[in-house]
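Protein chains in written order, with my numbering: chain A, -7 to 254; chain B, -7 to 254.
Don't be surprised by glycine CBs; every beta carbon is placed ideally from N, CA and C.
Below: the structure, in structure tokens.
So this is what it looks like as structure tokens:
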């Protein structure tokens, strides 16, 4: 009698934006069980160390290769966690794993693969200042190595003209350091200069920095790869607070009534 | 010497979409400390019972009154948790609390108020089927008691025309049971009939039901108040799987290259 190897599996998880206090218990349990972690080194570093667990750390720019590697390990019987920061479903590894399956070996469609939700960067950024995502909103990645820059600009200006709150991911890269400037030029053509802008860097981590400013005044030199930028809608409000307390920001749930009701 | 009462505080939290496995440790810790829970009864019911904690449960339609009640309790020295389902910052109580402060007593601006992120319904829905939110996306509430229906339809069709993935919250209500039908009529005018649609009901809860269908074929009678509807973009793909396994759905991270690369 031959002993069959245990079937492998692949679970796509997100650590949340930084502290373990934002990692779901489901994700923590998966990290405690997995034999192999596959992910960008900075995200794998957020996972509590565990004896015997193999960490396959990779560079930031190789999502599909990383996904294939995870699938190969699972197909070989390993218990794999593919690790994203934030929510794996929002500009992260879940889509890369699905794409790798779609284009990959037929046998991968039989694998036990699952995706597990987490807290994404825009949610932590929003919570840190109040409730800027409280109205209809969009999330747009400025990463132009995956889509034409014209598409990015068209989506941005369309969403801005329809008065969505907008969260921008991947606002800067080494390859295109000026794209956030170009994006803001496009936004300034369709939104008022006093539109609220939040520059939320590394929220929840030791190097957190929160700036509440406006479309006209935002200092875009402060935006880096760890920054989530949130642009309010036309009704987003700043609540000033006394004695040097940081202001709160929120987008009213209602449209067209915030002034009338004041 | 007078003993001053301890200062109160108010923390806005979200339970996640259902199971405790999706509630962050931060939120669980807040629930374990709070003297008072304020929230819609169905969400308060998700919080583990605790001796001595007072639960102020309310109806679904009184967000601002509920927020004011929480602020009054905090101003009186209580340790208040205002409880949302999902993420409190996404169509939930964080914006209501901020609005109540903005329109309320000046002293409330000195209160210790904070918002804590959670997993929202669309994220759980997306994870359950793969990665449909893997590209640029919008979240739109169909609740028309807070904004004119024309605004809802304009945002929907604008976002659809710009090829965003779209997550719809509050797709049905007793007051307007036909609005999801009207929304789909508008979407069908700008998107192809074979656009992928996901009807994700009560994800993570015992009565979960997941349907992967298309814009042409979606049975909207199955949509209720517990359903999150996700409409794919023009490149969202369904991965068929063998032997009766449920299909996976994902939106490629790249634009305009998914066919070329196949």
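{"query": "Identity of the residue in B:243, B:232, B:35, B:173 nearest residue 214 of chain B by Cα", "result": "B:173"}
{"query": "Residue 230 of chain B vs residue 188 of chain B beta-carbon contact at 8 Å", "result": "yes"}
{"query": "Other residues of its chain near residue 55 of chain A: CB distance less than 7 Å, five sequence neighbours each side excluded", "result": "85, 88"}
{"query": "Start-to-end residues for the beta strand (DSSP E) that takes in residue 65 of chain A", "result": "Careful: residue 65 of chain A lies outside any beta strand (DSSP E), inside the alpha helix (DSSP H) at 55 to 67."}
{"query": "Cβ contact (3+ pairs, closer than 8 Å) linking the region 218 to 229 of chain A and the region 110 to 119 of chain B", "result": "no"}
{"query": "Residues that residue 86 of chain B contacts on chain A, provided the C-beta gap is smaller than 9 Å", "result": "118, 119, 122, 123, 125, 126, 242"}
{"query": "Interface partners of residue 12 of chain B on chain A, CB under 8 Å", "result": "17"}
{"query": "8 Å contact criterion, which residue 1 of chain B and residue 148 of chain B should meet: CB distance rounded", "result": "Not quite, the Cβ-Cβ distance comes to about 39 Å (not below 8 Å), so this is no contact."}
{"query": "Start-to-end residues for the beta strand (DSSP E) that takes in residue 49 of chain B", "result": "46 to 50"}
{"query": "Residues of the region 97 to 111 of chain B whose Cβ lies closer than 9 Å to any Cβ of chain A, in chain order", "result": "98, 101, 102, 105, 106, 107, 108, 109, 110, 111"}
{"query": "Neighbourhood of residue 241 of chain B by C-beta distance below 8 Å, restricted to the same chain and skipping five residues each side", "result": "121, 122, 123, 124, 188, 190, 204, 224, 228, 229, 230, 231"}
{"query": "Environment of residue 4 of chain B [buried if 16+ CB atoms lie within 10 Å]", "result": "buried"}
{"query": "Per-residue contacts from residue 156 of chain B into chain A (C-beta, under 8 Å)", "result": "130, 147, 151"}
{"query": "Close beta carbons around residue 164 of chain A, own chain, < 6 Å, minus the five adjacent residues each side", "result": "172, 215, 216, 217"}
{"query": "Buried/exposed call for residue 166 of chain A, threshold 16 Cβ in 10 Å", "result": "exposed"}
{"query": "Residue 7 of chain B versus residue 36 of chain B: straight-line alpha-carbon distance, rounded", "result": "9 Å"}
{"query": "Cβ of residue 81 of chain B within 8 Å of any chain A Cβ", "result": "yes"}
{"query": "Three-state class that DSSP yields for residue 129 of chain A in the structure shown", "result": "strand"}
{"query": "Any chain B beta carbon closer than 8 Å to residue 2 of chain A", "result": "no"}
{"query": "For residue 206 of chain A: DSSP bridge partner residues", "result": "A:188"}
{"query": "Nearest-angstrom beta carbon gap, residue 154 of chain A and residue 146 of chain B [assumed within contact, 8 Å]", "result": "6 Å"}
{"query": "Residue-level contact to chain A via CB, residue 91 of chain B, 8 Å cutoff", "result": "yes"}
{"query": "Minimum Cβ-Cβ distance from residue 115 of chain B to chain A less than 8 Å", "result": "yes"}
{"query": "Proximal chain A residues relative to residue 233 of chain B, where beta-carbon distance stays under 8 Å", "result": "101, 102"}
{"query": "Three or more C-beta pairs below 8 Å linking the region 130 to 144 of chain B and the region 90 to 106 of chain B", "result": "no"}
{"query": "For residue 182 of chain A, the three-state DSSP class (helix, strand or coil)", "result": "coil"}
{"query": "7 Å Cβ shell around residue 48 of chain A - same chain, five flanking residues per side excluded", "result": "28, 29, 30, 61"}
{"query": "Closer than 8 Å to chain B by CB, residue 164 of chain A", "result": "no"}
{"query": "Residue-chain proximity (residue 138 of chain B, chain A), Cβ-Cβ < 8 Å", "result": "yes"}
{"query": "Of the residues A:105, A:159, A:128, the one placed nearest residue 128 of chain B, counting alpha carbons only", "result": "A:159"}
{"query": "Local Cβ density within 10 Å of residue 137 of chain B, reported as buried at 16 or more and exposed below that", "result": "exposed"}
{"query": "Buried versus exposed, by CB contacts within 10 Å (16 or more), residue 42 of chain B", "result": "exposed"}
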